[in-house]
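Residue numbers for the sequence shown follow this note's numbering, beginning at 953 and rising by one.
Glycine is no exception: its CB is placed at the ideal position from the N, C-alpha and C atoms.
As the structure is a prediction and not an experimental result, all values here were calculated from the model.
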Amino acid sequence: MALTSELLPKESLIRPGNSCLLCATGRHFLVEILDITEDTIHTTFPVTDYLVTGMSIDLEFHEAEGYLECRTEVVQEPRAKGDGVILRRPAQSYWNAHRGSNRVPTDLTVQVRDLTHPRRYDAELINLSSGGALVQTRASLAIPARVEIALSLPGEPQHTVNGRVAHISEGQMGGVSGMRRVGIRFVDLTSDSYESIVHYITHSLTQRES
């Protein structure tokens, strides 16, 4: 069964001359790959005072059908204008296909946490699809933070799924201040998690039509 995110053993898009988005602490920079080795990737970078050695970085190579996502880290930050940045060559990359999917409303509660913090927050699961979820929570999340969701669907085993924050609605929600609606796009979804979500969505749609 095709998944939303599929491992690509051959990083065919990671080559000199290709452009990509470099994502660091909520900011996105359009960069170009200058050189690659077995261990590193050298890209352009527009400033010299933002990245530091050891910082986690995501590279995204976008195409019409989807994008290749690579998690890496800074090996050497820019030391002078024009230096660019040297990144560790990622061990794995994932292809995230753009695709339409049914989205159903729910009255369920999940737990969500930023992968950089240990604390879990309760969140109302507003709606769910095989590609992502909309939750309402007090958790302090930022775009494009990587998150983990503990998901318990009726009639299905519990799953822990990974995702990325795609959008956030601030302000008072449902008469309650401090709540935020957070759109989360699933990444690296396992086949078991995918099948449980699809089973739940199919059952929900059938119940609505009957």
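Going by alpha carbons, who is nearest to residue i out of the options?
{"i": "His994", "options": "His980, Tyr1002, Arg967, Glu1015", "result": "Arg967"}
{"i": "Met1007", "options": "Thr1068, Asp991, Pro998", "result": "Thr1068"}
{"i": "Val1064", "options": "Glu1108, Val1134, Cys1022, Val1004", "result": "Val1134"}
{"i": "Val1087", "options": "Gly1036, His1014, Ile1078, Ser964", "result": "Ile1078"}
{"i": "Thr1061", "options": "Ala1094, Gln1110, Ser1045, Gly1036", "result": "Gln1110"}
{"i": "Ser1148", "options": "Gly1130, His1119, Thr1112", "result": "Thr1112"}
{"i": "Ala1091", "options": "Leu965, Ala1032, Ile1136", "result": "Ile1136"}
{"i": "Arg1098", "options": "Gly1107, Thr1089, Pro1106, Asp1066", "result": "Asp1066"}
{"i": "Ser1172", "options": "Lys1033, Ser1121, Gly1083, Ala1075", "result": "Nothing in the structure corresponds to residue 1172, since the chain is present only between 953 and 1162."}
{"i": "Glu984", "options": "Thr996, Thr1158, Glu1012, Leu1011", "result": "Thr996"}
At which residues does the beta strand (DSSP E) containing residue i begin and terminate?
{"i": "Gln1063", "result": "1055-1066"}
{"i": "His1069", "result": "Premise fails: His1069 is in no beta strand (DSSP E) and is neither H nor E."}
{"i": "Val1099", "result": "1098-1103"}
{"i": "Ser1092", "result": "Here Ser1092 belongs to no beta strand (DSSP E), and DSSP marks it neither H nor E."}
{"i": "Leu1141", "result": "No beta strand (DSSP E) contains Leu1141, which DSSP labels as neither H nor E."}
{"i": "Thr1112", "result": "1111-1121"}
{"i": "Ser1008", "result": "1008-1015"}
Leaving out five residues on either side along the sequence, give the residues of the same chain with a beta carbon under 8 Å from the beta carbon of residue i.
{"i": "Thr992", "result": "Val1027, Ile1038, Leu1039, Arg1040, Arg1041"}
{"i": "Thr1089", "result": "Val1064, Tyr1073, Asp1074, Ala1075, Glu1076, Met1131, Arg1132, Val1134"}
CB-CB under 6 Å to residue i, same chain, minus the five flanking residues each way: which ones, in chain order?
{"i": "His980", "result": "Leu973"}
{"i": "Leu1003", "result": "Val1026, Glu1029, Val1037"}
{"i": "Thr1024", "result": "Ile1009, Leu1039, Arg1040, Pro1042"}
{"i": "Thr1058", "result": "Leu1077, Leu1080"}
{"i": "Arg1055", "result": "Asn1079, Ser1081"}
For residue i, I'd like the list of residues in its chain whose CB is within less than 7 Å of its CB, leaving aside the five on either flank, ordered along the chain.
{"i": "Asp987", "result": "Pro968, His994"}
{"i": "Pro1070", "result": "none"}
{"i": "His1151", "result": "Glu1108"}
{"i": "Ser1121", "result": "Arg1132, Arg1133"}
{"i": "Lys1033", "result": "Thr1000"}
Bridge partners of residue i, per DSSP?
{"i": "Thr992", "result": "Arg1040"}
{"i": "Ala1075", "result": "Val1062, Thr1089"}
{"i": "Glu1021", "result": "Glu1012, Tyr1046"}
{"i": "Ile1136", "result": "Ala1085, Val1117"}
{"i": "Val1026", "result": "Leu1039"}
{"i": "Leu1003", "result": "Leu1003 is not bridged to any residue."}
{"i": "Leu1080", "result": "Val1056, Ala1085"}
* Going along the chain, which unbroken runs of the alpha helix (DSSP H) with 4 or more residues stay wholly within the segment 960-987? -> none
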